[in-house]
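S.K.:
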Amino acid sequence: MSTRYNVQSVEAKWQKIWADKKSFEAHEDKSKKKYYVMSMFPYPSGRIHMGHVRNYTLSDVVARYKRAQGFNVLHPMGWDAFGLPAENAARERKVHPAQWTYENIKNMRAELVRMGLALDWSREFATCDPTYYKHQQKLFLDFLKAGFVDRKESWVNWDPVDHTVLANEQVIDGRGWRSGAVVEKRKLSQWFLKITMYADDLLQALGTLDRWPEKVRLMQENWIGKSAGARVNFKLAGRGDSVEVFTTRPDTLFGASFLALSPNHPLAAEMAQKDAKLAAFIAECNRTGTSEVAIETAEKHGYDTGLKAQHVFDENWQLPVYVANFVLMEYGTGAIFGCPAHDQRDLDFARKYNLKVTPVVLSPGEEKKNTFEGSEAYTGPGTIYNSKFLDGLEIEDAKQKSISEIEKRGAGKGTIQFRLRDWGVSRQRYWGCPIPIIHCETCGAVPVPEKDLPVKLPDDVTFDKPGNPLDHHPTWKNVACPKCNKPARRETDTCDTFVDSSWYFARYCSAKNPDVPVEKSQADYWLPVDQYVGGVEHAILHLLYSRFFTRAMKATGHLSVTEPFTGLFTQGMVTHESYKDEEGKWLYPEEIEKNADGSAKHVKTGKPVTVGRNETMSKSKKNVVDPGKIIDSYGADTARLFMMSDSPPERDLEWTDSGVDGAWRYIGRLWRLAEAELPAVGTSIPATLDDTAKKTRQIIHRTIASVSDAYERFHFNSAVAKVRELSNALEEFVGNAKENPARQAVLREGIETLTILMAPMLPHIAEEIWEKLGHKTMLVGTPWPKAEASLLVDNTVTIAVQVNGKLRATITLPRDINAKDAEAAALADAGVQRAMGGNAAKKVIFVPNKLINVVA
RNA sequence: GCCCCAGUGGUGGAAUUGGUAGACGCGGUAGACUCAAAAUCUACUAUCGGCAACGAUGUGGGGGUUCAAGUCCCUCCUGGGGCACCA
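Right, dumping it as structure tokens:
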């Protein structure tokens, strides 16, 4: 008699059993091959959202699949728990950031447990816990000792709303990534991690990351931004000093018509002391910020300093020296030479200030000339002219020749320039990892002695003033200098939260070790992470910082690996339709009701609702679906299956109610299928089978092969489709198997196989069915089935017959039939003959076991 | 502006190396069961023509390579993403 599948009790039952039996706790075991799979850990905002559900389902499917394959799997979870929202909550709701954070963690952990994830919770940690950041402080000190840390005065991006410094990576279109405020330039003393030491290595090693998306590697490559060129000194007329510029086009030096300095260049500052107008110009540039200008106007502004520079190849040739708003102090030397004929930006500038424009690259087929016409710079290939000793050379040769000439004159050298800059990690924030430094007037910046770690955040802080609460704290920052014991001051800046996430994957290996950040033997067993799963929004920042950290931790003896993640998968986002009422206000999905024609109306008022396009779920657009509610009514398996069906994981996934219904219906079908009458566990398949049973076994084993392949290649939507095909076949077979013991043995094989193949996606119902089928051991731990090779091939094959490339018939022939016999069979087919219209075959192409194409 | 990716039925999507386009799901239509509904089950469902057999068309547009193109090449269009005074 059929029983109803009770989702809620079944899911809770297995979640408890997995927890009680510690089914997913990982232990080092050198006799087994390890597999480390990890999702990007969440920020504890309070609730999980559909993006989390998709992310963790993906890594969970991989974890469960690899476990069944016999790997020793580590699949951990933790909390990226420092950050601004906790402080904002403190300001708004008068709740301490720690309390807010830990409560959120508690709630979110419960939600994750309800998803049925195969996680090793024994390794859980939060980055805001002193037991975690203690080790981060130790790493900081080790890095300092090893020369990976720098303190320098530098121009920083200042967020005037959040009152903090932002890394370049956190400035988007000239605005703070979090506040959206226009970023200002300020000069401050900051701690930097010297990621540029590894610029070239980080770039080169991208080539070894063959299981990373091409897109992410490309983005990192562009971000590191390697360019070859030269640094060239231009002597200043009437002065003893010179200006150094960086160029990638030393071949066009004879086309130079001006030099331009960044507004923040020391020489510009020097000139401004005697020139009030220049000082005003520089102030204007700093106020608007260089990137802001780019977005608003792209207008080039310059100020002629009156200085003249001698051309590096001709001391009688003088070039005007400008200060220009488009020159960045942070890149190269903060000064450029302008060659307007072959650089668009220089051309715009030259036209505006009526400077000379001399062409020096002759495009193929073009006439030589002395002045450059038009407003479009030529940047294509060609030969150099108007350039004395470079005349007649191709661009690349001219670059080499020019560089060697510059070096010969002692005026500069060939060099490699990176776009990547050092990582400023100082943040004027409370809720972050304290930087373990003490500032002493006599001894300078002194590292906190290791025995004094962790430098703990004080609990008694107030958030009633803007800026950094640590700075406002009455006593915390006052300490004795560890070297000279005189009164000194603690560093009140905390670490950028990207530091916390740059090594957490390593900490999971020794999550509870109180003494060291990572125990090397454990890290050596687990690392690198075999499969990392997360959003593409971290393609640059987090993933590049982690790659740097791994290198720095290797250099300081903490790790043996160079790359943290050998496999990376970036999943798409979860989207949903958005809805607006007549007044243009956003509505939640549950506030609307669909009409038969696809239009929508308001549930309560009945007024028409505009259905908007699919967009990423966001609170502001109200197009969010709460995972908790879905799990309440349909269960975790349904949510998980829906996440894996239909859309390939790297693409955006549209959340639809009908899709959820489809997943829910499938769970019901699986359950009903498992109620078929079956022989006892372990009943062997008879040696001889009738054709129907044989055919079913072929389908079973072909599905094993194709589903395994789909899992391996992250084609989870295809895996679902193939499993459903097997379900369809088995449902039909149930009727045929009645009162036939041989067929029932095959049916049992089919249903058991189906259960195992589906288990990574539907772990709860799979366990329940497994038990219902009579097994005394759990499905977790049951090995993945192996496809029997003999069942994968057939004695006969269906061959497509084309005439002139068009399909005209399919014929069934013995496997591995030779070309001659196949051709004869094809030509004998009535449809083929009709299509040939009485013409003789001119040519026949034969693809064994697949296709015959007759050219008539 | 530069770089990258994608475009397949009403719809989400499938299709190792060029070799039977549209698997699987959603939706739809008809039917069974039912007093009725829900649930479930069965059949059909790319488009056009045809009672049918079958034929023609068809993977964003145009062109090319090939016996054969969703897949390779050129070009254009559309959508998405990344970078952006980087010298």
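Using the numbering used here, the letters of the first sequence correspond one by one to residues 162 to 1017. By construction, the Cβ of each residue, glycine as well, lies at the ideal position given by its N, Cα and C atoms. This structure is a prediction, so every number in the text was calculated from the model and none was measured.
Using the DSSP secondary-structure output, state which residues sit across from residue 405 in a beta bridge.
M.R.: Here residue 405 refers to the residue found at position 244 of the first sequence. BP columns for residue 405 point to 394.
S.K.: State whether the region 242 to 258 contacts the region 617 to 627, with contact taken as three or more CB pairs (one from each stretch) at a distance under 8 Å.
M.R.: Contact holds: three or more Cβ-Cβ distances are below 8 Å.
S.K.: Which same chain residues end up closer than 7 Å to residue 525 when comparing Cβ atoms and leaving out the 5 residues on each side of it in sequence?
M.R.: If you number the first sequence from 1, residue 525 lands on position 364. So the qualifying residues of the chain are 543.
S.K.: According to DSSP, is residue 246 part of a helix, a strand, or is it coil?
M.R.: For the purposes of this step, residue 246 is taken as residue 85 along the first sequence, with counting starting at 1. The answer is helix: DSSP assigns residue 246 an H, G or I state.
S.K.: Looking at residue 577: is its Cβ nearer than 8 Å to the Cβ of residue 355?
M.R.: The sequence position of residue 577 within the first sequence is 416, counting from 1. The sequence position of residue 355 within the first sequence is 194, counting from 1. In this structure, residue 355 does not lie closer than 8 Å to residue 577 by Cβ.
S.K.: Could you tell me whether the Cβ atoms of residue 474 and residue 414 are closer together than 8 Å?
M.R.: As a first step, residue 474 must be located in the first sequence, where it is residue number 313. As a first step, residue 414 must be located in the first sequence, where it is residue number 253. Yes, the pair counts as a contact, with Cβ atoms nearer than the cut-off.
S.K.: Mapping DSSP to helix, strand and coil, what is residue 750?
M.R.: Along the first sequence, read from residue 1 onward, the residue named residue 750 stands at position 589. If DSSP states are grouped into helix, strand and coil, residue 750 belongs with the helices.
S.K.: Leaving aside the five residues before and after residue 728 along the sequence, list all residues of the same chain whose C-beta is less than 7 Å from its C-beta, in chain order.
M.R.: By 1-based counting over the first sequence, the position of residue 728 is 567. Same-chain partners within the cutoff: 372, 691, 692 and 693.
S.K.: Sorted by chain position, which residues of the same chain lie with C-beta nearer than 6 Å to residue 603's C-beta, five sequence neighbours on each side aside?
M.R.: To locate residue 603, count along the first sequence from 1; it is residue 442. Correct list, in chain order: 645.
S.K.: Note down, one range per segment and in chain order, each alpha helix (DSSP H) of at least 4 residues found wholly within the region 859 to 920.
M.R.: Whole alpha helix (DSSP H) segments, 4+ residues: 877 to 897 and 902 to 919.
S.K.: Just the Cα atoms here: how many angstroms apart are residue 850 and residue 959?
M.R.: As a first step, residue 850 is located in the first sequence; it is residue number 689 there, counting from the start. As a first step, residue 959 is located in the first sequence; it is residue number 798 there, counting from the start. In a straight line, the C-alpha of residue 850 is about 23 Å away from that of residue 959.
S.K.: Going by other Cβ atoms of all chains shown within 10 Å of its Cβ, with 16 needed for buried, is residue 875 buried or exposed?
M.R.: Indexing the first sequence from 1 puts residue 875 at position 714. Classification for residue 875: buried.
S.K.: Buried or exposed for residue 170, going by 16 or more other Cβ atoms inside 10 Å?
M.R.: In the first sequence, counting from the first residue as 1, residue 170 sits at position 9. So residue 170 counts as exposed.
S.K.: So what's residue 974 in DSSP terms, helix, strand or just coil?
M.R.: As a position in the first sequence, residue 974 is number 813, starting the count at 1. It is a strand residue.
S.K.: Going along the chain, which residues of its own chain have a beta-carbon closer than 6 Å to the beta-carbon of residue 440, five neighbours each way excluded?
M.R.: For the purposes of this step, residue 440 is identified with residue 279 of the first sequence, where counting begins at 1. Correct list, in chain order: 433.
S.K.: DSSP state of residue 453, grouped into three classes?
M.R.: As a position in the first sequence, residue 453 is number 292, starting the count at 1. For residue 453, the pLDDT reaches just 42, beneath the cut-off of 50, and the residue's location in the model is therefore unreliable, although a value from the coordinates is still provided. Residue state, collapsed to three classes: helix.
S.K.: Answer yes if the region 958 to 975 comes into contact with the region 208 to 219, meaning at least three C-beta pairs across the two stretches below 8 Å, and no otherwise.
M.R.: Judged by Cβ distances under 8 Å, the region 208 to 219 makes no contact with the region 958 to 975, as fewer than three pairs qualify.
S.K.: Pull up the distance between the alpha-carbon of residue 910 and that of residue 897, whole angstroms please.
M.R.: Within the first sequence, numbered from 1, the residue matching residue 910 stands at position 749. Within the first sequence, numbered from 1, the residue matching residue 897 stands at position 736. Going from the Cα of residue 910 to the Cα of residue 897 covers about 15 Å.
S.K.: Going straight from the alpha carbon of residue 719 to that of residue 678, what length do you get?
M.R.: Residue numbering aside, residue 719 sits at position 558 when the first sequence is read from its first letter. Residue numbering aside, residue 678 sits at position 517 when the first sequence is read from its first letter. Cα to Cα, the separation comes out at about 8 Å.
S.K.: Just to confirm my understanding: we take residue 572, look at its own chain, exclude 5 residues before and 5 after, and list those with CB closer than 7 Å. What are they?
M.R.: In the first sequence, the residue the question calls residue 572 occupies position 411. These residues qualify, in order along the chain: 393, 394 and 473.
S.K.: Contact defined as beta carbons within less than 8 Å: I believe residue 514 pairs with residue 463. What is the distance between those atoms, to the nearest angstrom?
M.R.: Working through the first sequence from its first residue, we reach residue 514 at position 353. Working through the first sequence from its first residue, we reach residue 463 at position 302. The pair is a contact, with the Cβ atoms about 6 Å apart (cut-off 8 Å).
S.K.: Expressed to the nearest angstrom, what Euclidean distance is found between the alpha-carbon atoms of residue 509 and residue 708?
M.R.: Here residue 509 refers to the residue found at position 348 when the first sequence is read from its first residue. Here residue 708 refers to the residue found at position 547 when the first sequence is read from its first residue. Going by the C-alpha atoms only, they are around 40 Å apart.
S.K.: Identify which residue in 357, 348, 218 and 982 has its Cα closest to the Cα of residue 314.
M.R.: Stepping through the first sequence from its first residue, residue 314 is reached at position 153. Nearest of 357, 348, 218 and 982 to residue 314, Cα basis: 348.
S.K.: Rounded to the nearest angstrom, how far is the Cβ of residue 978 from that of residue 918, given a contact under 8 Å?
M.R.: Within the first sequence, numbered from 1, the residue matching residue 978 stands at position 817. Within the first sequence, numbered from 1, the residue matching residue 918 stands at position 757. That pair is no contact at about 33 Å.
S.K.: Would you mind reading off the limits of the alpha helix (DSSP H) that contains residue 707?
M.R.: Here residue 707 corresponds to residue number 546 of the first sequence, with the count starting at 1. Element bounds for residue 707: 702 to 716.
S.K.: In its own chain, which residues sit with a C-beta less than 8 Å from the C-beta of residue 724, not counting the 5 before and 5 after it?
M.R.: If you number the first sequence from 1, residue 724 lands on position 563. Closer than 8 Å at Cβ, skipping near neighbours: 366, 369, 370, 689, 708 and 711.
S.K.: For residue 606, which residues of its own chain have a beta-carbon under 8 Å away from its beta-carbon, when the five flanking residues on both sides are left out?
M.R.: Here residue 606 refers to the residue found at position 445 when the first sequence is read from its first residue. Excluding residues within five positions, the ones whose Cβ falls inside 8 Å are 312, 598, 599, 600 and 652.
S.K.: Could you tell me which residues DSSP pairs with residue 619 in its beta bridges?
M.R.: Numbered from its first residue, the first sequence carries residue 619 at position 458. Answer is none; residue 619 lacks a bridge partner.
S.K.: Taking contact to mean 3 or more Cβ pairs, one atom from each stretch, closer than 8 Å, check whether the region 887 to 894 and the region 934 to 954 are in contact.
M.R.: Cβ pair count under 8 Å is below three, so no.
S.K.: Relative to the C-alpha of residue 665, which residue among 214, 522 and 294 is closest?
M.R.: Indexing the first sequence from 1 puts residue 665 at position 504. It is 294.
S.K.: Check each candidate in 495, 538 and 488 and name the one with the smallest Cα separation from residue 505.
M.R.: The residue given as residue 505 occupies position 344 in the first sequence. If we check each option's Cα against that of residue 505, 538 comes out closest.
S.K.: Scan the region 320 to 384 and note each continuous beta strand (DSSP E) run of 3 residues or more that stays entirely inside, going in chain order.
M.R.: With a minimum length of 3 residues, the continuous beta strand (DSSP E) runs that stay inside the region 320 to 384 are 325 to 327 and 345 to 354.
S.K.: Does the beta-carbon distance from residue 422 to residue 482 come in below 8 Å?
M.R.: By 1-based counting over the first sequence, the position of residue 422 is 261. By 1-based counting over the first sequence, the position of residue 482 is 321. Contact: yes.
S.K.: Closest to residue 282 by C-alpha separation, out of 216, 199 and 299, would be which residue?
M.R.: Translated into the one-based positions of the first sequence, residue 282 becomes position 121. For residue 282, the nearest C-alpha among the options comes from 199.
S.K.: On the three-state DSSP scale, how would you describe residue 204?
M.R.: Counting from 1 along the first sequence, the entry for residue 204 is found at position 43. Of the three classes helix, strand and coil, the one that applies to residue 204 here is coil, per DSSP.
S.K.: Around the Cβ of residue 749, are there at least 16 other Cβ atoms within 10 angstroms (buried) or fewer (exposed)?
M.R.: One-based indexing of the first sequence puts residue 749 at position 588. That one is exposed.
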